[in-house]
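Asks: Got a structure for you, written out below as structure tokens; questions coming shortly.
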Amino acid sequence: MFKHRKSGLCRRIPGSEFMADLSDILTMNIDGRDIEAPRGASVLTAALSAGIYIPHLCHHPDLPSIGECRLCVVEIEGYETPQPSCLTPAGSGMKVRTKTENIDRKRKLALELLLAGHPSDCGTCNKYLNCELQSLKQYLGVEELSIWSRTKPFPLNKENPLFVHDFSRCVLCGRCVRACHDLRGVGILFYKRKGVETYIGTPDDLPLAESGCRFCGACAEVCPTGAIMDKEELVHGKKRKNALVPCRYACPAEIDVPRYIRHIRNREYAEAVAVIREKVPFPWVLGYVCNHPCEAECRRGPVNGSISIRDLKRYAVEHDDQKLWELNRRVHPPTGKKVAIIGSGPAGLTVAYYLTLLGHSVTVFESMPEAGGMMRYGIPEYRLPRGVLDSEIECIRSMGIDIQTGFIVESVETLMENGWDAAVVAIGAHKSLKQDIPGIDSEGTTTCVSFLRDVNLGRKVKVGKRVVVLGGGNAAFDCARVARRLGAEQVHLACIESRTEMPASCDEIEQGEQEGVYIHPSKAVRGIICDNGTVTGVDFVDVDSFCFEDDGTLELEVMEGTESRIAADTVILAIGQEPEIPESFGLDTDGNNCVEVDSYTLETSREGVFAAGDVVTRAGALIGAIASGRKCAIAVDSFLGGSGSIDEKLVAMTEPSPSLGLDKDFAILDRCETICEAPEQRISNFCKVVQEMDASSADHESNRCLQCDLRMKITTVKVWGSY
Amino acid sequence: MDFAQVRAIVEKECGYLADKSCIKIYVGFSPENSSGDHLFNLLRNEIENTAAAARVIKTGSFGCYDFEPILMVDTPGRSVVLCLNAYPEMATEIDTDTFAAGMAKRGGEWYLVSGENKEHIPYITSLPLFNLQKRILLRNCGWIDPCSTAHYILGSGGYAGLYRALRKNRRELMELFYSSPFQEYVHAGVSSLDQWSEFVQSESSDKRLVCNAVNSDSGNRLLLQSDPHSILEGVLISAFTLGTSHCTMYVRSGTRVAANLNTLLGRMETYNLVGSRILDSSFSAHLEVIEIPENLRAGQESESLRCITQNRAPHILPTFPLDNKAMSAPVITTNPEWMACVPTFFLTDEELRTGFGSSKDGPTRLITLSGRVVHRVTAEVPCGVSIRNTLEDIGGGIVSGKSFKALQIGYPAGRLVDPDALDDCIHCRTSGEACSGSASIEVIDRDVDIVEMARIRMETVNDQSCGKCLLCFEGSRQMIRTIERIAGGKGKPRDLDFLTELGAEMKTGCLCSFGRTAPDFVRSSIELFREEYEQQIQSSSRNVQTS
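Below is the structure:
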């Protein structure tokens, strides 16, 4: 050991004389109250946990304290000067006073220094009423400043995606810097000088995306004022969790997207699939054909393209060899209740699955030769391979559900009288809407539903050489692309929507065009031209604008003089579908021919009879039908006397690490687009169009996720009113 | 390559140093002095044109800024003479047989440093400017070329210290450090050597040594400009003692010092003075020079560390204890002054070029005199000399003979002391305040407006403030504004109370010692010269009344 000369100049570690007590909990006295505090806590956290408010600003429960703002000073017996309570460790037997004249004066001075560089107009700030500085002003009663105040001349910076920086409002509390460095381990924010003012900036003042920012939002979350905030248009009018983790809440079934993407990033595919299956029983099908509302809301979108969430889902399912979800699934004991489900589409099978999990005995009646509904008889095979569909349906059937195909249900009444305790109508929307235009019933015209059904039933369907499909949605594209595969030389698709308004998904449109479908947006049909009752062409006129009235009627403005004709020998009408509910069911319907249901319980006009899926919503998306099935299952189970709880826990919830680490190129990692087979290969068969994602793309894409759910885990600071 | 081989190589490069027939002329000046360059170029041209057996070398500054450029002529076998206030005209048409005699004919103040005194010029030690100094830290300043490692090795026993240190073991080295008079150096409020003992005991393999040369005050700046070699050597020796291989120096980017350090490092690598197996020993160290851009604030120890460890270190680091959980590896920070004296522990008195004949006893302080003093200098003064002596003998006394009003000790945030303090002795053990490692003494006479000076000082403080704690950054801005109001005739009596209160808050509340000493000038000026402030306030209220 070296001779250790103490110079007597060592700074005294405050509280060292109070450390004698070595137990884990110590007692101290604050403002005359005895409170208990855990060893290692600071005086401030001890007081706050005990419900005693000490004003603070730079302190944040998740960040290391630095004692910068000087608001939390308290008087401690044995110390000459007031000490910052966030830096002073709590000691056994300490006597603390948080309110004295001296302390009040110091706090007022500290607050005035904070406000001196801050704009005085609270009303125009987006953080109004949500601002810690404002609440401190109220608490300490500082309205007028006695010292000189100024506004820092920083312009509003909206150049970055997702966040707005207004450093004229910054009070230099340092929380964002600490969050970036210490909490997230990224470290791209620093104190910088600009003339006489200090601001927080990136090295070389580069935009966030070029500095290695992770866009995790921790800085915006901890900022106590309006200096760093989310862009208004992204959060306006939404509830906090919907705005901050939009993927999870855009999904109608609320699949925990960030959680399963994290598992994929860690190559834990079984766990990822289990997370997905906690909410939906068709992960593989969705991995092929979901219309991904989550991707539209993904916060990575404004940065450089949303995450390919659907493709990652598919990858996870196809690489899950452990089937953890099956091992952890818990089937409730039999309840003795019987439920009949009419229709084995996505909604019907989802209800079946959940009700079986809850212990009920379920029978599904399906009018078509095989189960699947629109998944089989609507969506073409090149989009959803039949092997995939069969496998997922088998998973459900193998739970002991009786699926009776080829069985048409005539009357619900009969069902209920035959000993079924409840029934669910999930017959979908299989009737094509027809337009009242001349020539609509000529030879060579057909509707989308019957066309696709015939093809999917394996029947021989004839299409001519020149096909015109009317409609702009996914169903219309299904028809167009199937027609190409059946040998049509020219396929035209015309719709009244403009190119950007077309309801079909972007990948459908893109793949359709690659396969040779000609798209004619903004065209309204004048009439179908026939010769001797056979279709020879379609007359169009250009659309100026259109809108749908509340009752569904179409208001169309056309541009006269823009008539055109496309020669055709086949016309397929794909302008929409509606349910066809048999009179014999005896159920009330609404103006759209959909079943009328109670919006909470999904019960129809007849007691004990419920409805789910397209029959209620009139042709929605697949994921919507599944979500509707979930809701219905909850309602049916409650009706049958159960708890109505279908939430499963198929995999342990692991606490994600808040530390992300620095990756300089994080924001420029490009999105992995779906790779498809070459169009020439595609149009001669019904083989699947998408290619397999490879492992490195899966790693790359899952790594791009901003992990927005971490932001929700940051402790919210309570203001004085909560104490 | 071991030391003997290194010496052989540099002897070839700097053969002229040992060459008995070559006259060596040293031109010493600091970068601000433009006539020094001119003189140097003229001399070089003369030598080339006349093909004389002489060599002119540009050395750094002696620290006597008011006397620059300083010319020294070393005629081997005869004498070393020195000329203060040399001017370019002295270099033209000189008699190349005897440079010194020739130039002396043209005038200038010539002094004898050593050797025969044929011309009967006064000895350099007759000048109190040099007599009172004990130049240990400044031993090489003005004598060697700051850009040439070879010159340092041959001309000043450079790296002999490193060579000898590498042959000792760490225990012996720490004892040497402890017993040196410079062990009193204090850093950021904590005794350096206590920090060092802790550091040595740490097991971490990532521990590192840092030399903070950003925002240097005048003494450190002088060393960096004129004798960077000792600093580099000191860093290496200290690294060996502490048992670390990571050394970092950081400087302001874009300066001449930064460029020079990088060049020197390159040379040192070729001489095997840095890198792996230094001088054929088992010690390897890499030394990094990192440049800090202008607008990134690097304040005291905490922020400096942030910059050097590529911004991975926590941005607020307590100075003591070192090895806490928030920091991944312990770090020792030093400043150039401390490092420059380390090589001297290993040199004998004879080897130690002490400049002007004084022996190796320390401790000394680098004092910079500025303000209303006759000679602006940076001098190295032994502890125990009184401030009065320093001012009058080295500094030449107050300008125009006016009486002292006050002194400011430390810059920019130093406190004012009144003339009673003139008889205080310069101490080495400082009170742990910032900027008092290299003290600067600014002389203030009766003509100086204290209020205006306070404002200027606070502007400098605010400019250097890193902005991390509001009290220092915002507090100094508020002080500036208040003083401006007072000076502009709009002051109110409660302004003084505000300044005092704010100052008291800053003293206890700021996060680093820079902030804690920031209000010193204003507080001490209010203490000593309250009436000046009150006068300006009263004049404003009088204005209000009459208007």
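Protein chains in written order, with my numbering: chain C, 249 to 971; chain S, 956 to 1502.
A virtual CB, placed ideally from N, CA and C, is assigned to each residue, including glycine.
Remember, predicted model here, so these are calculated numbers, not experimental data.
Can you give me the C-alpha to C-alpha distance between C/Glu844 and C/Ser853, rounded to a whole angstrom?
Replies: On the first sequence, residue 844 of chain C is found 596 positions in, with the first residue counted as 1. On the first sequence, residue 853 of chain C is found 605 positions in, with the first residue counted as 1. Near 7 Å, if we compare the C-alpha coordinates of C/Ser853 and C/Glu844.
Asks: Looking only at its own chain, which residues have a Cβ that is under 6 Å from the Cβ of C/Thr604, when we skip the five neighbours before and after it?
Replies: Translated into positions along the first sequence, residue 604 of chain C becomes position 356. Taken in chain order, the residues that qualify are Val610, Met647 and Ile649.
Asks: Going by beta carbon distance, what residues of the same chain come within less than 8 Å of C/Asn722, once the five residues before and after it are set aside?
Replies: Sequence index remark: in the first sequence, residue 722 of chain C carries index 474 (1-based). Cβ within range, chain order: Asn539, Pro751, Ala752, Ser753 and Glu756.
Asks: Starting from S/Cys1038, follow its DSSP beta bridges and name the residues at the other end.
Replies: In the second sequence, the residue the question calls residue 1038 of chain S occupies position 83. Answer is S/Leu1026 and S/Trp1065.
Asks: What would DSSP say about S/Glu1388, mapped onto helix, strand or coil?
Replies: One-based indexing of the second sequence puts residue 1388 of chain S at position 433. Annotation note: pLDDT 39 at S/Glu1388 (below 50); position unreliable, no value reported.
Asks: Report, in whole angstroms, the separation of the C-beta atoms of S/Ile1349 and S/Ala1361, which I expect to be a contact under 8 Å.
Replies: For this step, residue 1349 of chain S is matched to residue 394 along the second sequence. For this step, residue 1361 of chain S is matched to residue 406 along the second sequence. Taking C-beta atoms under 8 Å as the contact rule, S/Ile1349 and S/Ala1361 fail to qualify, at a distance of about 19 Å.
Asks: Return the residue from the list S/Ile1012, S/Pro1474, S/Gln1419 and S/Val1035 that minimises the CA-CA distance to S/Ala1105.
Replies: Start at 1 with the first residue of the second sequence, and residue 1105 of chain S comes out as number 150. Comparing Cα-Cα distances from S/Ala1105 to each of S/Ile1012, S/Pro1474, S/Gln1419 and S/Val1035, the minimum goes to S/Ile1012.
Asks: In terms of alpha-carbon separation, which member of C/Val470, C/Thr446, C/Glu574 and C/Val716 lies closest to S/Asp1418?
Replies: Here the question's residue 1418 of chain S lines up with position 463 in the second sequence. Put simply, of C/Val470, C/Thr446, C/Glu574 and C/Val716 the residue whose alpha carbon is nearest the alpha carbon of S/Asp1418 is C/Thr446.
Asks: Can you give me, in chain order, the residues of the stretch 294-318 of chain C that have a beta carbon less than 8 Å from any beta carbon in chain S?
Replies: Pro312, Ile314, Gly315, Glu316, Cys317 and Arg318
Asks: I'd like to know whether the C-beta atoms of C/Gly824 and C/Ala867 end up nearer to each other than 9 Å.
Replies: In the first sequence, counting from the first residue as 1, residue 824 of chain C sits at position 576. In the first sequence, counting from the first residue as 1, residue 867 of chain C sits at position 619. In this structure, C/Gly824 places its C-beta atom within 9 Å of the C-beta atom of C/Ala867.
Asks: Does any residue of chain S have a CB that is nearer than 9 Å to the CB of C/Trp396?
Replies: Counting from 1 along the first sequence, the entry for residue 396 of chain C is found at position 148. Chain S contact via Cβ: present.
Asks: Can you pull the chain C neighbours of S/Leu972, defined as C-beta to C-beta under 7 Å?
Replies: Residue 972 of chain S sits at position 17 when you count from the first residue of the second sequence. Simply none; closest approach about 40 Å.
Asks: So what does DSSP say about C/Glu545, is it helix, strand or coil?
Replies: Indexing the first sequence from 1 puts residue 545 of chain C at position 297. Three-state DSSP puts C/Glu545 in a helix.
Asks: Please tell me whether S/Leu1457 has its Cβ less than 9 Å away from any Cβ of chain C.
Replies: Here the question's residue 1457 of chain S lines up with position 502 in the second sequence. Yes, S/Leu1457 lies at the interface with chain C (some Cβ there is under 9 Å from its Cβ).
Asks: Is the CB of C/Val864 under 9 Å away from at least one CB in chain S?
Replies: As a position in the first sequence, residue 864 of chain C is number 616, starting the count at 1. So no, C/Val864 is outside the interface.
Asks: Out of C/Val657, C/Thr782 and C/Met807, state which residue places its alpha-carbon closest to the alpha-carbon of C/Gly712.
Replies: Counted from its first residue, the first sequence places residue 712 of chain C at position 464. Looking at the Cα atoms, C/Thr782 is the closest of the given residues.
Asks: So what's C/Ala860 in DSSP terms, helix, strand or just coil?
Replies: The count along the first sequence starts at 1 and reaches residue 860 of chain C at position 612. Coil at C/Ala860, not helix or strand.
Asks: Return the residue from the list S/Ser1325, S/Ile1287, S/Asn1344 and S/Val1329 that minimises the CA-CA distance to S/Gln1088.
Replies: For the purposes of this step, residue 1088 of chain S is taken as residue 133 along the second sequence, with counting starting at 1. Closest option to S/Gln1088, Cα to Cα, is S/Asn1344.
Asks: Roughly how many angstroms separate the alpha carbons of C/Lys254 and S/Gln1150, rounded to a whole number?
Replies: Counting from 1 along the first sequence, the entry for residue 254 of chain C is found at position 6. Counting from 1 along the second sequence, the entry for residue 1150 of chain S is found at position 195. For C/Lys254, the predicted model reports a pLDDT of 37, less than 50, meaning its position is unreliable; a value from the coordinates is still stated below. Their backbone Cα atoms lie some 10 Å apart in a straight line.
Asks: For a cutoff of 9 Å on Cβ pairs, would you count S/Phe1428 as touching chain C?
Replies: Here residue 1428 of chain S corresponds to residue number 473 of the second sequence, with the count starting at 1. So yes, S/Phe1428 belongs to the interface.
Asks: Decide yes or no for the touch test of the stretch 531-545 of chain C against the stretch 615-634 of chain C: beta carbon pairs closer than 8 Å, at least 3 of them.
Replies: yes
Asks: Which first and last residues belong to the alpha helix (DSSP H) in which C/Ser609 is found?
Replies: If you number the first sequence from 1, residue 609 of chain C lands on position 361. Per DSSP, C/Ser609 belongs to no alpha helix (DSSP H); it is in the beta strand (DSSP E), Ser609 to Glu614.
Asks: If you compare alpha carbons, which of C/Ser297, C/Glu316, C/Asn514 and C/Ile476 is closest to C/Lys406?
Replies: Numbered from 1 along the first sequence, position 158 holds the residue referred to as residue 406 of chain C. Nearest option by C-alpha distance: C/Ile476.
Asks: Quick one, which of C/Pro582, C/Leu560 and C/Ala518 has its alpha-carbon nearest C/Asn576's?
Replies: Here residue 576 of chain C refers to the residue found at position 328 of the first sequence. For C/Asn576, the nearest C-alpha among the options comes from C/Ala518.
Asks: Any chance the stretch 1073-1081 of chain S sits against the stretch 948-963 of chain C, with 3 or more Cβ pairs inside 8 Å?
Replies: no
Asks: Evaluate contact between the stretch 910-921 of chain C and the stretch 614-630 of chain C, counting only Cβ atoms and requiring at least three cross-stretch pairs below 8 Å.
Replies: no
Asks: Could you tell me whether the Cβ of S/Cys1424 comes closer than 9 Å to any Cβ of chain C?
Replies: Position 469 of the second sequence, counted from the start, is the residue given in the question as residue 1424 of chain S. Yes, contact with chain C.
Asks: Starting from the C-beta of C/Ala520, find all residues in its chain whose C-beta is less than 7 Å away, skip the five residues before and the five after it, and write them out in chain order.
Replies: What you label residue 520 of chain C is simply residue 272 of the first sequence in a count that begins at 1. Result list for C/Ala520: Tyr508, His511, Ile512 and Ala564, in chain order.
Asks: Is any heavy atom of the ligand FAD found at a distance shorter than 8 Å from the C-beta of C/Thr293?
Replies: This structure simply doesn't include the ligand FAD, nor any ligand for that matter.
Asks: In chain C, which residues lie with their C-beta within 9 Å of the C-beta of S/Arg1412?
Replies: Reading the second sequence from its first residue, position 457 is the one you call residue 1412 of chain S. Those do not exist, as S/Arg1412 stays about 15 Å from chain C at its closest Cβ, beyond 9 Å.
Asks: Report the CB separation of C/Leu431 from C/Leu311 in whole angstroms; it is logged as a contact under 8 Å.
Replies: The residue labelled residue 431 of chain C in the question sits at position 183 within the first sequence. The residue labelled residue 311 of chain C in the question sits at position 63 within the first sequence. Yes, C/Leu431 and C/Leu311 are in contact; Cβ-Cβ is about 6 Å, under 8 Å.
Asks: In chain S, what lies closer than 9 Å to C/Leu850 by C-beta?
Replies: Along the first sequence, one-based indexing puts residue 850 of chain C at 602. Result: empty, since nearest Cβ-Cβ is about 55 Å, beyond 9 Å.
Asks: Got a sec? Which residues, its chain only, sit under 6 Å from S/Thr1289 by beta carbon, not counting five neighbours each side?
Replies: In the second sequence, counting from the first residue as 1, residue 1289 of chain S sits at position 334. Here the set comprises Cys1166.
Asks: Taking the C-alpha atoms as reference points, what is the distance between S/Pro1269 and C/Val434?
Replies: Locating residue 1269 of chain S in the second sequence gives position 314, where the first residue counts as 1. Locating residue 434 of chain C in the first sequence gives position 186, where the first residue counts as 1. Because the pLDDT at S/Pro1269 is just 33, under 50, the model does not fix this residue reliably, and the value given afterwards should be weighed accordingly. Straight-line Cα distance between these residues: approximately 12 Å.
Asks: Tell me the DSSP bridge mates of C/Gly785?
Replies: Here residue 785 of chain C corresponds to residue number 537 of the first sequence, with the count starting at 1. In DSSP, C/Gly785 forms a bridge with C/Ile777 and C/Ala815.
Asks: According to the neighbour-count rule (16 or more other Cβ atoms, all chains shown, within 10 Å of its Cβ), is C/Ser746 buried or exposed?
Replies: Within the first sequence, numbered from 1, the residue matching residue 746 of chain C stands at position 498. Note on C/Ser746: under 16 other CB atoms within 10 angstroms of its CB, so exposed under the neighbour-count rule.
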